[in-house]
Amino acid sequence: MPDRVWQKSTDNAEGDDMRIGDLARRTEVPTRLLRYYEKQGLLHASRDTNGYRVYAEPAVKRVLTIRELLESGFTTELIRAILVCKENPHTPDEQQAGATPETVEALRRQVINIERRIDSLTRTREAVRGYLEMVEAVVDAVQPPV
Numbered sequence: 000m001p002d003r004v005w006q007k008s009t010d011n012a013e014g015d016d017m018r019i020g021d022l023a024r025r026t027e028v029p030t031r032l033l034r035y036y037e038k039q040g041l042l043h044a045s046r047d048t049n050g051y052r053v054y055a056e057p058a059v060k061r062v063l064t065i066r067e068l069l070e071s072g073f074t075t076e077l078i079r080a081i082l083v084c085k086e087n088p089h090t091p092d093e094q095q096a097g098a099t100p101e102t103v104e105a106l107r108r109q110v111i112n113i114e115r116r117i118d119s120l121t122r123t124r125e126a127v128r129g130y131l132e133m134v135e136a137v138v139d140a141v142q143p144p145v
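Per this note's numbering, the sequence shown runs over residues 0 to 145.
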């Protein structure tokens, strides 16, 4: 989550709702991507009397979840299915839209892919630690003591 302090637009009289620029600042996601998420059915906005997109507070967490899943290699289709199930756990009709055997299989594949990336990154980290020790030893041997 961003470290900077968030201030709501002063011209927003919709209570706790925020406009797209506010959501972009809070999540550090460009407005262009927020519009893309909306077009893909991942994010939902209402409109104020002037026609501006307005988002409720839960949109912040939703956008951060979307970014995290996209960065982990999930497709927008799979993310949409996950969000439907996650946000409507007690609504069978809505849940069925996301809870399919294909979604289960896609999630299983994602787990396997993530585990492979973790293994690869772990090996790379250990190699880099070895390189660091080697370079530090050379630097220590070459530089005169102070």
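Backbone N, C-alpha and C fix where the C-beta goes; we use that ideal spot for every residue, glycine too.
- Per DSSP, the unbroken beta strand (DSSP E) holding Y54 starts and ends at 52-54.
- Listed in chain order, the alpha helix (DSSP H) runs fully inside the region 46-131 are 57-70, 75-86, 91-97, counting runs of at least 4 residues.
- The Cβ-Cβ distance between T30 and V59 does not fall below 8 Å.
- Rounded to whole angstroms, the separation of the alpha carbons of V138 and F73 is 43 Å.
- Spanning the alpha carbons of M133 and I65 requires a straight line of approximately 40 Å.
- Boundaries for D15: no alpha helix (DSSP H) harbours it, and the DSSP string shows neither H nor E there.
- Judged by their CB atoms, R18 and R61 are not nearer to each other than the 8 Å cut-off.
- With fewer than 16 other beta carbons inside 10 angstroms of its own, A126 counts as exposed.
- Where L32 is concerned, the enclosing alpha helix (DSSP H) starts and stops at 30-38.
- The region 34-54 makes contact with the region 76-89: 3 or more CB pairs, one atom from each, lie closer than 8 Å.
- With a 10 Å radius around the Cβ and a threshold of 16 neighbouring Cβ atoms, D21 comes out buried.
- In the structure shown, A44 falls within a coil segment according to DSSP collapsed to helix, strand and coil.
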